[in-house]
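Numbering (my numbering), first residue to last: 385 to 541.
Following: one structure in structure tokens, then a few remarks.
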């Protein structure tokens, strides 16, 4: 079975969500279903149907998270020797011409969040950066055209 890379923080976030679903949401939904059943006729009971829908969503998400964690290859980049080479989990400081420096961290697909400067390892930018070193110039093909970046710094934080 294929393993998918994930940072330690990403795995911790999934474990936290899983615990919340199992320890908080599941019991709350079970209580809501029991309460709705007590109201009588289930065919026309909107509360019952809503609670069952919530249960279905929560159980599906639990299975999804358990599957992701089972297939995750958790990588702790803080334990890597900083060679200046861009690898999964590295945080990279880039400059695009005269623009302000940009800081990106290369993370797994489930952790990607461009608003927090976390890009997926499968994104065009990350694919172009992986394997490069500090000081390299990288050409990235994007939907808007080619963009040139200079790798200023590679951090393993």
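Each residue gets a CB set at the ideal place from its N, CA and C atoms; glycine is no exception.
From a predicted model like this one, the values you see are computed outputs, not experimental measurements.
| Asked | Found |
| --- | --- |
| What are the start and end residues of the alpha helix (DSSP H) that includes residue 397? | 392 to 404 |
| Three Cβ pairs or more, each shorter than 8 Å: is that satisfied between the stretch 471 to 491 and the stretch 396 to 413? | no |
| Report yes or no: do three or more beta-carbon pairs, one from the stretch 453 to 472 and one from the stretch 425 to 437, lie closer than 8 Å? | no |
| Can you find the residues in the same chain that come closer than 6 Å, C-beta to C-beta, to residue 489, ignoring five residues on each side of it along the sequence? | 475, 502 |
| Among the candidates 539, 537, 387, 533, whose CA atom is the shortest distance from the CA of residue 454? | 387 |
| Please give me, in chain order, every unbroken run of the beta strand (DSSP E) with length at least 3 that falls completely inside the stretch 425 to 482. | 456 to 459, 475 to 479 |
| Give the secondary structure of residue 407 by DSSP, where H, G and I count as helix, E and B as strand, and everything else as coil. | helix |
| Taking Cβ positions, are residue 395 and residue 456 nearer each other than 7 Å? | yes |
| I need the straight-line Cα distance from residue 495 to residue 505, nearest angstrom please. | 10 Å |
| Rounded to the nearest angstrom, what separates residue 545 and residue 518 at their Cα positions? | A question about residue 545 goes unanswered here, because the residues of the chain that appear run from 385 up to 541. |
| Taking 7 Å as the threshold (C-beta atoms), are residue 533 and residue 447 in contact? | no |
| Please classify residue 487 as buried or exposed, where buried requires at least 16 other C-beta atoms within 10 Å of its C-beta. | exposed |
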